[in-house]
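Numbering (this note's numbering), first residue to last: 2 to 126.
Ideal Cβ placement from N, Cα and C applies to all residues, glycine included.
None of the values given here were measured: they were computed from a predicted structure.
Here is the structure we will look at.
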């Protein structure tokens with residue numbers, strides 16, 4: 002079993018902070034009326050659906066590609082172990098667990114999106 006070291010915790014913290022700042026920059030540059038820019042006289046800010054759709058689509062695409070990469074790596078390490086090319090069972094189990102956690106997180110996001118879609122569709126007009 003692997004133990005968590007202070008250096009690995011600091012590395013994880015740095016990665017989370019970097020992702021957080023990237024998300025804040027992406028959300029701050031959208032320019033919603035009253036926050037990032039002035040709303041027109043009608044009181045409604047113009048829709049910036051192309052940038053929002055691109056950023057959401059890009060984020061989802063990157064997340065799915067990341068999970069796919071983790072699963073591909075886990076499969077490659079497992080196949081290598083089965084062929085006898087490596088004897089590090091800990092690395093095999095760790096990569097398989099990373100892929101499993103990534104897939105489970107993706108599944109939970111999908112379930113939340115589906116639930117939100119169903120809630121919106123059941124709202125009266």
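{"Item": "Check residue 109 in the structure and name its three-state DSSP category.", "Value": "helix"}
{"Item": "Do three or more CB pairs link the stretch 55-65 to the stretch 73-92 at distances below 8 Å?", "Value": "no"}
{"Item": "Can you tell me the Cα-Cα spacing of residue 106 and residue 67, whole angstroms?", "Value": "12 Å"}
{"Item": "If residue 77 and residue 99 are in contact, beta carbons under 8 Å, what's the gap, nearest whole angstrom?", "Value": "Not really, about 13 Å apart at Cβ, beyond 8 Å."}
{"Item": "CA-CA distance, residue 79 and residue 71?", "Value": "12 Å"}
{"Item": "Would residue 4 be called buried (16 or more neighbouring beta carbons within 10 Å of its own) or exposed?", "Value": "exposed"}
{"Item": "Within 10 angstroms of the Cβ of residue 96, are there 16 or more other Cβ atoms? Answer buried if so, exposed if not.", "Value": "buried"}
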